[in-house]
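Trainee:
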Amino acid sequence: MTRPYIQNKLNLDPDLITRARILAKDIVGQITPFILSHSTVSVERTVLRLLGIHGVNPEGIPLPNIVIDHSKEHHLLEEGAARILAKACLHLKSEPQTLAEGLAHDEITFETLSDFPEDQIRKKAFELAQPAVEQIRQQRQAREHSVSKLSEGPEPYLYAIVATGNIYEDVVQARAAARQGADIIAVIRSTGQSLLDYVPEGPTSEGFGGTFATQENFRIMREALDEVGQELGRYIRLTNYCSGLCMPEIAAMGALERLDVMLNDSMYGIIFRDINMQRTFIDQYFSRLINGFAGIIINTGEDNYLTTADAMEAAHTVLASNFINEQFAFLSGLPEEQQGLGHAMEINPEVPDAFLYEIAQAQLIREVFPRSPIKYMPPTKYMTGDIFRGHVQDALFNVASVLTGQSIHLLGMLTEAIHTPFMQDRFLSLESAKLIFKTMGHFPEEMTFVAGGKVQQRAQATLQEAISMLEEIQKGGLFKALEQGMFADISRKPTSGRGLDGVFAKSPHYLNPFLTLLASDHFAVSETARIPLKEGDLDANA
Amino acid sequence: MPTLDLKKVRPYGDTLDDGMVQFSLTLPVPFGEEAQEAARRWALESGFQDPKVVHAHDLGEGFCFFVLYARSLVSIDFTEIEIPKLTHERLDKSEIENRIRTLLGRKLVVVGACIESDAHTVGIDAIMNMKGYNGHKGLESYHEIDAFNLGAQVPCEELVAKAHEVSADAILISQVVTQKDLHLRNLTRMVELLELEGLREHFLLIAGGPRINYELAKELGYDAGFGPDTYAEDVASFVLDRILIQK
Numbered sequence: 000m001t002r003p004y005i006q007n008k009l010n011l012d013p014d015l016i017t018r019a020r021i022l023a024k025d026i027v028g029q030i031t032p033f034i035l036s037h038s039t040v041s042v043e044r045t046v047l048r049l050l051g052i053h054g055v056n057p058e059g060i061p062l063p064n065i066v067i068d069h070s071k072e073h074h075l076l077e078e079g080a081a082r083i084l085a086k087a088c089l090h091l092k093s094e095p096q097t098l099a100e101g102l103a104h105d106e107i108t109f110e111t112l113s114d115f116p117e118d119q120i121r122k123k124a125f126e127l128a129q130p131a132v133e134q135i136r137q138q139r140q141a142r143e144h145s146v147s148k149l150s151e152g153p154e155p156y157l158y159a160i161v162a163t164g165n166i167y168e169d170v171v172q173a174r175a176a177a178r179q180g181a182d183i184i185a186v187i188r189s190t191g192q193s194l195l196d197y198v199p200e201g202p203t204s205e206g207f208g209g210t211f212a213t214q215e216n217f218r219i220m221r222e223a224l225d226e227v228g229q230e231l232g233r234y235i236r237l238t239n240y241c242s243g244l245c246m247p248e249i250a251a252m253g254a255l256e257r258l259d260v261m262l263n264d265s266m267y268g269i270i271f272r273d274i275n276m277q278r279t280f281i282d283q284y285f286s287r288l289i290n291g292f293a294g295i296i297i298n299t300g301e302d303n304y305l306t307t308a309d310a311m312e313a314a315h316t317v318l319a320s321n322f323i324n325e326q327f328a329f330l331s332g333l334p335e336e337q338q339g340l341g342h343a344m345e346i347n348p349e350v351p352d353a354f355l356y357e358i359a360q361a362q363l364i365r366e367v368f369p370r371s372p373i374k375y376m377p378p379t380k381y382m383t384g385d386i387f388r389g390h391v392q393d394a395l396f397n398v399a400s401v402l403t404g405q406s407i408h409l410l411g412m413l414t415e416a417i418h419t420p421f422m423q424d425r426f427l428s429l430e431s432a433k434l435i436f437k438t439m440g441h442f443p444e445e446m447t448f449v450a451g452g453k454v455q456q457r458a459q460a461t462l463q464e465a466i467s468m469l470e471e472i473q474k475g476g477l478f479k480a481l482e483q484g485m486f487a488d489i490s491r492k493p494t495s496g497r498g499l500d501g502v503f504a505k506s507p508h509y510l511n512p513f514l515t516l517l518a519s520d521h522f523a524v525s526e527t528a529r530i531p532l533k534e535g536d537l538d539a540n541a
Numbered sequence: 000m001p002t003l004d005l006k007k008v009r010p011y012g013d014t015l016d017d018g019m020v021q022f023s024l025t026l027p028v029p030f031g032e033e034a035q036e037a038a039r040r041w042a043l044e045s046g047f048q049d050p051k052v053v054h055a056h057d058l059g060e061g062f063c064f065f066v067l068y069a070r071s072l073v074s075i076d077f078t079e080i081e082i083p084k085l086t087h088e089r090l091d092k093s094e095i096e097n098r099i100r101t102l103l104g105r106k107l108v109v110v111g112a113c114i115e116s117d118a119h120t121v122g123i124d125a126i127m128n129m130k131g132y133n134g135h136k137g138l139e140s141y142h143e144i145d146a147f148n149l150g151a152q153v154p155c156e157e158l159v160a161k162a163h164e165v166s167a168d169a170i171l172i173s174q175v176v177t178q179k180d181l182h183l184r185n186l187t188r189m190v191e192l193l194e195l196e197g198l199r200e201h202f203l204l205i206a207g208g209p210r211i212n213y214e215l216a217k218e219l220g221y222d223a224g225f226g227p228d229t230y231a232e233d234v235a236s237f238v239l240d241r242i243l244i245q246k
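From first to last, the protein sequence lines stand for chains E and X. Under numbering that gives the first Met the number 0, the first residue of the first sequence is numbered 0, with each subsequent residue one higher. Under numbering that gives the first Met the number 0, the first residue of the second sequence is numbered 0, with each subsequent residue one higher.
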C-alpha cells in the first residue's frame with residue numbers, strides 16, 4: 000500500500016472528520032499554555048545529554064541526574080539546564096562533561112556563579128547545543144540515504160519483537176528475524192523501566208520480560224541491524240520505547256543512535272503506568288520535538304485501551320485518542336508521515352461477524368489518517384494458550400491488515416499469553432504474514448464495501464461516537480476526561496501518579512536552545528490535516 | 000481391539016497406545032542434512048522411538064527449525080493421580096450477593112493488584128474491574144463486595160497497607176510475567192512480608208495468573224491460586240466460602 004491512502008470505501012463524511020480534528024485541536028490547545036510554560040527534571044536531563052553529558056558516578060547514578068539534582072537543590076533549575084551549563088562553562092572555562100564530573104566529585108558547585116551578559120550566555124548555550132543537533136541531522140540523513148540505497152520493503156512493514164533481557168542474545172534473535180523477513184525490530188524494555196526516573200547506563204545482559212533501554216544497547220543493536228540489512232539489501236528499522244518518566248531522555252538517545260521508531264505516548268503512560276499527566280504531557284512535547292527533527296516515527300498506544308475496555312463498546316475511544324495524539328504531534332511539529340497511530344484487533348472472536356467489525360475499524364483508522372504509518376496490533380486479550388487456535392487468530396489479523404492497508408504490522412505470536420517469543424514462534428508468524436500478504440497483496444484493489452452494509456455502518460457509527468466523545472472532552476478538558484476514566488475505563492487524577500515532583504514552572508529567564516534548534520518548521524502540515532480553523536468554527540459546527 | 004488400561008496410559012495418535020507425539024523445536028545448528036540427523040538423534044536420546052523429521056527450515060544465524068513425530072513407550076498410571084482442588088461450591092453472582100447479605104451480614108472486602116515489577120493488569124482487571132471478562136462481571140460490580148483494584152506495579156508494602164486500612168477479607172495478587180520465574184519471587188516476597196508483619200492470618204491470600212494453579216499457590220503458602228478460565232464468581236465463591244467457615 001502506498002500513502003497517502005486516497006480511497007473512501009467507507010463513505011465517510013469528510014466534514015465529520017474535519018470536525019473531529021477541530022475538536023481535538025481545541026482539546027490540545029487548552030493545555031498547550033501549561034505545557035509550554037513548564038519544564039521537568041527529565042526535560043532538563045535531556046538537555047544535558049544533548050550537551051554531551053554522559054556516564055555515571057561510582058555509585059552508578061547518571062551524571063545528568065547528579066547535575067539536575069544539584070541545580071534543583073539550589074533553586075537554579077527554573078532557568079533551565081542549558082543556562083546553568085552555559086554560565087558554568089563561561090565562568091570555569093570548561094566543557095559540560097568536565098563540569099558534570101567535577102560536580103559529581105564535589106569539586107565544584109553551580110550555586111555561586113555570578114551572572115554573565117545575556118548575549119554571551121545565549122551564544123554559549125547555542126554553541127554547546129550545536130554538535131548534538133548536527134549529529135541528529137546526520138543520523139537522519141544516514142537513514143534517508145540507506146533507505147534510498149537499499150530498500151525498505153512494501154507496507155505493511157513486518158514488526159517483530161525481541162525480549163530476551165540480554166542485548167547480545169537480542170542481537171542474535173533480531174538478525175535471525177531480519178533474515179526471516181522482519182522489516183522492523185523492537186527491543187522490548189525490561190518490565191518496570193518506564194517507572195525509573197533515570198536511564199541505566201552501558202550494555203546490559205539482565206532484564207525481566209525485556210532488555211533495558213540504554214544508549215549503548217541502542218548502539219549495539221543499530222550496528223547489528225545495519226550489518227544484516229546491508230547483506231539483505233533492506234533497511235531494517237529499530238524500535239524502542241521513549242515513554243514513562245524518562246520519555247525525552249530516551250528520545251534524545253534514540254535520535255543520536257539512529258533509532259527509527261519510538262513508542263511515544265503520554266496517554267498510555269498516564270492510563271497504564273500511572274505516570275502523572277502534567278509531567279508526561281510536558282515530557283512528551285519535548286520528546287516529540289526531538290523525534291520530529293530526527294525523522295523518527297512515533298507509535299502511540301491506543302491499542303491498549305481495548306485490553307481493559309471492551310473492543311466493541313470502546314472502539315471510538317481509540318479513534319478519539321488518535322485524533323488527540325495527532326494534534327499533540329502537530330504541536331511539536333511532528334508530521335503525519337511520522338505518526339504511527341496505534342490501534343488493534345481485539346474483538347472477542349466469539350462475537351458473530353467479529354472479523355467484519357475488525358475490518359470496519361481498521362479501514363476507518365486508515366481512511367481517517369491517510370498519510371500516517373498507522374500501527375496495527377495483533378490479538379492478545381483473547382489468546383488462550385491454544386497455539387493452534389492462536390495461529391489462526393493471527394492469520395485473520397494478517398488478512399485484516401493487508402485488506403485495510405495498514406502500515407506497521409506488529410506480528411501476532413501463536414504463543415502469546417504463554418511466554419516471550421521463541422525464535423521459532425517469530426519465524427512461524429513471519430511465514431504466515433508473508434504468505435498472506437503475498438497471496439492477497441492486490442485484494443484490496445478488487446474490494447469495495449456494500450453501501451450501507453455492516454462494515455460501513457459500523458465505521459460511520461464509530462466515527463460519530465468518537466466525535467461525541469471529543470465534544471465531551473472539549474467541554475471539560477482532557478485532564479477531566481482522564482479523571483473520569485473515559486479512556487480504557489481507568490481513572491487518573493491530575494495531581495496523582497508518578498513524577499509530579501519533577502515538574503516546575505519556567506522562570507522568565509528560562510533557556511533551552513533545543514526548543515529553537517529542533518523546531519521542525521520545515522515540515523509543512525499536509526492538506527488533509529490542515530484545519531481551516533477560524534474564529535467561531537466550533538460554534539458553527541456544533 | 001485393545002482396551003484402555005488406566006494404569007498404563009500413553010499418548011494417542013490415531014490408535015490406542017500408539018504413543019504418538021508431535022514436536023516443534025529449534026536447534027542452534029546450521030541448516031542441512033546434518034541438522035536433520037541432529038534433530039532425529041535428539042529425539043532418540045530423549046527416549047522416543049522412530050523419530051521422523053517431517054519438516055526442517057533454515058532460521059538463519061545458524062539456527063534450524065524442525066517438526067518431528069515420534070512414539071513414546073512411556074506410560075503413566077492415571078489411577079494414582081491426586082490433585083489438590085478447591086472444595087467449595089461455585090456460585091453465580093446473584094447467589095453470592097444473596098449469601099453475603101443473608102449469611103455474612105456485612106460487605107465482603109477484597110483488595111487486589113499486580114505486585115512489584117509486573118505491569119500487566121489484564122488478569123486482575125478481568126477479575127476485579129466493573130466490566131469483568133467474557134460476560135462475567137467483575138468484583139467491582141458486586142453490590143455486596145467492596146473491591147479495591149490498585150492496578151499495576153504495586154509494591155507489596157503498599158498492598159498490605161491498603162488491605163490493613165480497609166480490613167480486607169482477601170488479597171488478590173496477579174502475576175502475568177513469568178520470565179526467569181519472576182512471578183515466583185514476587186509471590187514469595189508477598190508471603191514473607193505478611194509473615195514478617197504478623198498479618199498472614201488476617202487475610203485470605205490468593206494468587207492468579209496464566210501460569211498459576213491451586214497446587215503451585217498452596218506450595219508458595221497461599222490459600223488458593225487461580226489459572227486461566229477463572230472469572231470473578233470463582234474467586235468470590237471461594238473467598239465467601241472460607242470467610243463463612245471462619246465466622
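Built from N, CA and C at the ideal position, the CB exists for glycine as well. In this text the structure is predicted, and so the values were computed from the model without any measurement.
Residue ranges of each beta strand (DSSP E) run of no fewer than 3 residues wholly in the region 215 to 242 of chain X, ordered along the chain?
Mentor: 223 to 225
Trainee: Let me make sure I understand the geometry here. Which of E:Thr-17, E:Val-27, E:Asn-7 has the alpha-carbon closest to that of Gly-475 of chain E?
Mentor: E:Val-27
Trainee: Taking contact to mean at least 3 C-beta pairs separated by less than 8 Å, is the region 35 to 42 of chain X in contact with the region 50 to 68 of chain X?
Mentor: yes
Trainee: Answer yes or no: does any C-beta atom of chain B fall closer than 8 Å to that of Gly-208 of chain X?
Mentor: The structure shown contains no chain B; its protein chains are E and X.
Trainee: Quick one: is Ile-249 of chain E buried, meaning 16 or more other Cβ sit within 10 Å of its Cβ, or exposed?
Mentor: buried
Trainee: Here's a check: name, in chain order, each residue in its chain whose Cβ is nearer than 6 Å to the Cβ of Val-227 of chain E, leaving out the five neighbours to either side.
Mentor: Arg-174, Ala-177
Trainee: Let me check understanding here. Comparing Cα to Cα, which of E:Ser-406, E:Thr-403, E:Val-398, E:Lys-453 lies closest to Ser-428 of chain E?
Mentor: E:Val-398
Trainee: Determine the contact status of Met-151 of chain X and Thr-101 of chain X, defining contact as a CB-CB distance below 8 Å.
Mentor: Note that residue 151 of chain X is Ala in the sequence shown here, rather than Met. By the CB criterion at 8 Å, Ala-151 of chain X and Thr-101 of chain X fall outside the cutoff.
Trainee: Have a look at His-182 of chain X and Thr-190 of chain E and give me their C-alpha separation to the nearest angstrom.
Mentor: 12 Å
Trainee: Could you tell me the distance, in whole angstroms, from the CA atom of Val-260 of chain E to the CA atom of Ala-293 of chain E?
Mentor: 10 Å
Trainee: Does chain E have any CB closer than 8 Å to the CB of Glu-156 of chain X?
Mentor: no
Trainee: Apply the 10 Å Cβ neighbour rule to Asp-264 of chain E and answer buried if 16 or more other Cβ atoms are within range, or exposed otherwise.
Mentor: buried
Trainee: Buried or exposed for Glu-197 of chain E, please, with buried defined as at least 16 other CB atoms from any protein chain shown within 10 angstroms of its CB.
Mentor: Residue identity check: residue 197 of chain E is Tyr in the sequence provided, not Glu. Tyr-197 of chain E should be labelled buried.
Trainee: Count the other CB atoms within 10 Å of the CB of Met-468 of chain E; is the residue buried (16 or more) or exposed (fewer)?
Mentor: buried
Trainee: Within 8 Å (strictly less), CB to CB, does Gln-178 of chain X reach chain E?
Mentor: yes
Trainee: Could you pull out every residue in the same chain whose Cβ sits closer than 7 Å to the Cβ of Leu-75 of chain E, ignoring the five residues on either side in sequence?
Mentor: Cβ-Cβ distances below 7 Å link Leu-75 of chain E to Ile-83, Phe-109 in the same chain, with the five nearest sequence neighbours on each side left out; the list follows chain order.
Trainee: Whose Cβ in chain X lies nearer than 8 Å to the Cβ of Gln-459 of chain E?
Mentor: Neighbours of Gln-459 of chain E on chain X: none; closest Cβ ~25 Å, over 8 Å.
Trainee: Sort E:Arg-491, E:Ser-495, E:Gln-455 by Cα distance to Asn-10 of chain E and report the nearest one.
Mentor: Answer by Cα proximity: E:Gln-455.
Trainee: Taking only beta-carbon positions, decide if Gly-535 of chain E is within less than 8 Å of chain X.
Mentor: In this predicted model, Gly-535 of chain E has a pLDDT of only 45, less than 50, meaning its place in the structure is not dependable; the value taken from the coordinates is given anyway. By the rule that beta-carbons nearer than 8 Å mark a contact, Gly-535 of chain E does not touch chain X.
Trainee: In terms of alpha-carbon separation, which member of E:Ile-289, E:Ile-184, E:Ile-295 lies closest to Thr-515 of chain E?
Mentor: Looking at E:Ile-289, E:Ile-184, E:Ile-295, the one whose alpha-carbon comes closest to that of Thr-515 of chain E is E:Ile-289.
Trainee: Residues of chain X with a CB under 7 Å from the CB of Leu-194 of chain E: which are they?
Mentor: Gln-152
Trainee: Expressed to the nearest angstrom, what Euclidean distance is found between the alpha-carbon atoms of Asn-275 of chain E and Lys-492 of chain E?
Mentor: 8 Å
Trainee: Taking Cβ positions, are Gly-206 of chain E and Pro-209 of chain X nearer each other than 8 Å?
Mentor: Cβ atoms of Gly-206 of chain E and Pro-209 of chain X: not closer than 8 Å.
Trainee: Within its chain, find whatever has a CB closer than 6 Å to the CB of Thr-316 of chain E; leave out the 5 residues flanking it on each side and keep chain order.
Mentor: Tyr-304, Phe-486
Trainee: From the DSSP output, which residues share a beta bridge with Asp-145 of chain X?
Mentor: X:Val-108
Trainee: So Thr-279 of chain E is in the alpha helix (DSSP H); what residue range does that whole segment cover?
Mentor: 276 to 293
Trainee: Report the rounded CA-to-CA distance for His-441 of chain E versus Ala-23 of chain E, giving the unit in angstroms.
Mentor: The alpha-carbon atoms of His-441 of chain E and Ala-23 of chain E are separated by roughly 34 Å.
Trainee: Do Phe-436 of chain E and Val-544 of chain E count as a contact pair if the criterion is CB distance below 8 Å?
Mentor: With chain E running from 0 to 541 in the structure shown, residue 544 of chain E is simply not present.
Trainee: List the residues of chain E that Asn-128 of chain X touches, going by C-beta distances under 8 Å, in chain order.
Mentor: Correct list: Thr-307, Asp-488.
Trainee: Please list the partners that Asp-273 of chain E has in chain X, where partner means a Cβ-to-Cβ separation under 9 Å.
Mentor: Counting only Cβ-Cβ distances below 9 Å, Asp-273 of chain E has contacts in chain X at Gly-150, Ala-151, Gln-152, in chain order.
Trainee: Closer than 8 Å between beta carbons: that is the criterion. Which residues of the region 380 to 406 of chain E meet it against chain X?
Mentor: Flagged, chain order: Lys-380, Thr-383, Gly-384.
Trainee: Using CA atoms only, rank isn't needed, just tell me which of X:Glu-79, X:Asp-240, X:Ile-211, X:Leu-239 is closest to Pro-227 of chain X.
Mentor: X:Ile-211
Trainee: Given that a residue counts as buried once 16 or more other Cβ atoms are within 10 Å of its Cβ, and exposed if not, what is Asp-302 of chain E?
Mentor: buried
Trainee: Here's a check: name, in chain order, each residue in its chain whose Cβ is nearer than 7 Å to the Cβ of Arg-70 of chain X, leaving out the five neighbours to either side.
Mentor: Asp-17, Gly-18, Met-19, Phe-47, Gln-48, Asp-49
Trainee: Quick one: which chain X residues come within Cβ less than 7 Å of Thr-419 of chain E?
Mentor: Correct list: Gln-178.
Trainee: Nearest chain X C-beta to Gln-483 of chain E closer than 8 Å, yes or no?
Mentor: With 8 Å as the cut-off, Gln-483 of chain E does not count as an interface residue toward chain X.
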